[in-house]
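To keep things clear, I will list the structure first and then write my remarks on it.
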Amino acid sequence: MMKLAVNLSMIFTEMPLIERFAQARAHGFQSVEIQFPYELSIEQIQTQLSLHNLELCLINVPAGDLMQGGNGLAGIPGMELEFHRGVEKAILYAKALNVPSVNILAGKQPLDCDLLPCLKTLATNLKLACSMLSDHQIQPVFEMINGTDMPRFLVQNIAQAQEMLEAVQHPALKMQYDCYHMAMMDENILETLKENIQNIGHIQFADCPGRHEPDTAKIAYTEIFQWLDQSAYTGYVAAEYRPQVTSQDSFAWKDKYFAKHPQS
Numbered sequence: 001m002m003k004l005a006v007n008l009s010m011i012f013t014e015m016p017l018i019e020r021f022a023q024a025r026a027h028g029f030q031s032v033e034i035q036f037p038y039e040l041s042i043e044q045i046q047t048q049l050s051l052h053n054l055e056l057c058l059i060n061v062p063a064g065d066l067m068q069g070g071n072g073l074a075g076i077p078g079m080e081l082e083f084h085r086g087v088e089k090a091i092l093y094a095k096a097l098n099v100p101s102v103n104i105l106a107g108k109q110p111l112d113c114d115l116l117p118c119l120k121t122l123a124t125n126l127k128l129a130c131s132m133l134s135d136h137q138i139q140p141v142f143e144m145i146n147g148t149d150m151p152r153f154l155v156q157n158i159a160q161a162q163e164m165l166e167a168v169q170h171p172a173l174k175m176q177y178d179c180y181h182m183a184m185m186d187e188n189i190l191e192t193l194k195e196n197i198q199n200i201g202h203i204q205f206a207d208c209p210g211r212h213e214p215d216t217a218k219i220a221y222t223e224i225f226q227w228l229d230q231s232a233y234t235g236y237v238a239a240e241y242r243p244q245v246t247s248q249d250s251f252a253w254k255d256k257y258f259a260k261h262p263q264s
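Quick note on full-length UniProt numbering: the sequence shown kicks off at 1 and runs consecutively.
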């Protein structure tokens with residue numbers, strides 16, 4: 001059975017990150033994910049998880065300047081040492097906080113660099129990260145991000161992700177599948193989930209276009225969640241959207257799609 005989580009980096013942003021744990025619990029969530037938890041200390045997060053009886057299911061490896069418009073780390077030639085240090089920091093947090101999965105963001109092709117060296121760098125860095133994370137029984141995943149929101153991102157669609165899995169050839173590595181990003185890339189979400197579920201380690205959802213909560217745009221989440229519920233997938237499905245209304249008023253989808261789930 002799939003497990004429900006809420007992303008604290010995009011939801012409950014009306015308040016500081018440290019106050020969002022309480023909000024997650026108040027709205028019935030037992031699992032949370034944080035894109036980059038590093039603004040808080042391990043001890044601060046431990047306190048919040050314990051206080052509110054929550055588990056942290058996913059964090060990202062530090063991505064350098066990617067979220068500020070830069071190129072990032074994982075697929076950038078010359079940034080290997082910084083990436084290695086980022087993986088070490090993610091492991092430090094993941095081990096202390098019992099985080100089962102860590103996501104690796106590929107980064108963007110620099111304007112002054114050819115694509116092939118970037119992809120080779122990414123494959124090498126993913127192999128390194130898989131080895132490091134697997135040593136600590138942490139699941140490595142990597143994410144496809146659409147090229148409209150993030151031009152020049154190195155892994156934008158399912159075919160590119162499949163090619164990267166082939167290049168890395170590490171049994172632990174899986175995709176992080178974000179329904180919004182795949183809809184932006186005109187992928188058929190239900191079909192690609194069915195075809196790739198054995199290679200998917202984590203799923204995120206938002207509607208498209210707009211990246212708001214489900215049932216605000218065009219993605220047919222009734223079919224998607226019904227299929228996932230009946231499938232062999234036992235990982236997390238995490239709400240990662242920008243609320244169209246206040247965060248507290250954005251959870252109509254939760255009762256509609258997850259009412260029968262004990263973790264919802």
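The C-beta atom is built at its ideal place from N, Cα and C for all residues, glycine as well.
Express the C-alpha separation of residue j and residue i in angstroms, rounding to a whole number.
i      : j      : result
ARG25  : PRO117 : 44 Å
GLY72  : PHE251 : 32 Å
ALA183 : MET79  : 31 Å
VAL32  : ASP178 : 16 Å
SER264 : ALA238 : Per-residue confidence for SER264 stands at a pLDDT of 37, beneath the threshold of 50, marking its modelled position as unreliable; the derived number appears in the next sentence. Distance between the alpha carbons of SER264 and ALA238 is about 11 Å.
MET1   : ASN53  : 21 Å
SER9   : PRO243 : 12 Å
GLY201 : ASP112 : 33 Å
ILE34  : TYR236 : 13 Å
ALA123 : ALA129 : 10 Å
LYS127 : LEU66  : 21 Å
LYS174 : GLN198 : 8 Å
ALA63  : TYR221 : 30 Å
TRP227 : GLU43  : 38 Å
LYS256 : PRO214 : 10 Å
If you drop the 5 nearest sequence neighbours on each side, which residues of the same chain put their C-beta closer than 7 Å to that of residue i?
i      : result
GLN109 : LEU115, CYS118, ARG152 and LEU154
GLU223 : LEU190
MET150 : LYS108
Is DSSP giving residue i helix, strand or coil here?
i           : result
ALA183      : helix
ASN225      : Sequence inspection shows Phe at residue 225; the Asn mentioned does not correspond to that position. Correct three-state label for PHE225: helix.
ALA26       : helix
LYS174      : strand
GLN68       : helix
ASN98       : coil
residue 267 : Not covered by the structure: residue 267. The range shown for the chain is 1 to 264.
GLU55       : strand
ALA5        : strand
PRO37       : helix
PRO62       : coil
ALA90       : helix
residue 267 : Residue 267 lies beyond the stretch modelled for the chain, which goes from 1 to 264, so this question has no answer here.
GLN244      : coil
GLN139      : strand
VAL233      : Looking at the sequence shown, residue 233 is not Val but Tyr. DSSP places TYR233 in coil when its eight states are reduced to three.
SER264      : Annotation note: pLDDT 37 at SER264 (below 50); position unreliable, coordinate value reported separately. Of the three classes helix, strand and coil, the one that applies to SER264 here is coil, per DSSP.
Within its chain, find whatever has a CB closer than 8 Å to the CB of residue i; leave out the 5 residues flanking it on each side and keep chain order.
i      : result
SER247 : ILE11, PHE12, THR13, GLU14 and GLN23
HIS27  : VAL6, GLN248, PHE251 and LYS254
THR216 : ASP207, GLY210 and GLN244
THR234 : MET1, MET2 and LYS3
VAL99  : LEU56, CYS57, LEU58, ILE59, TYR93 and ILE138
GLY86  : VAL61, PRO62, ALA63, GLY64 and LEU73
Just tell me which of the options has its CA closest to the CA of residue i.
i           : options                          : result
LYS95       : MET67, LYS127 and ASP135         : ASP135
GLN137      : ILE145, THR124 and PRO171        : PRO171
TYR93       : ASP65, MET150, LYS120 and CYS57  : CYS57
LEU193      : GLU163, ASP229 and GLU213        : ASP229
PHE21       : VAL102, THR121 and THR47         : THR47
residue 265 : ASN196, ALA217 and HIS212        : No statement about residue 265 is possible, as the shown extent of the chain runs from 1 to 264 and does not include it.
PRO77       : SER101, TYR233 and ALA106        : ALA106
PRO140      : LYS256, VAL87, ASP186 and SER101 : SER101
PHE225      : ILE203, GLU187 and GLU240        : ILE203
GLY147      : LYS120, GLU187 and THR121        : GLU187
Below 8 Å on the Cβ atoms is my contact criterion, and I expect residue i with residue j to pass it. Report the Cβ-Cβ distance as a whole number of Å.
i      : j      : result
ILE59  : PRO37  : 5 Å
MET132 : ILE91  : 6 Å
MET4   : ILE45  : The identity of residue 4 in the sequence shown is Leu, whereas the question assumes Met. In fact, because the Cβ distance is near 20 Å, the residues do not count as touching under 8 Å.
ILE219 : HIS181 : The Cβ separation is near 12 Å, so there is no contact.
PHE142 : GLN176 : 6 Å
Excluding the 5 residues preceding and the 5 following residue i in the sequence, name in chain order all residues of the same chain whose CB lies nearer than 6 Å to its CB.
i      : result
ASN125 : ALA74 and PHE83
Using a C-beta cutoff of 7 Å, does residue i count as contacting chain B?
i      : result
VAL168 : As a matter of chain content, chain B is missing from the structure shown, which is built from one protein chain.
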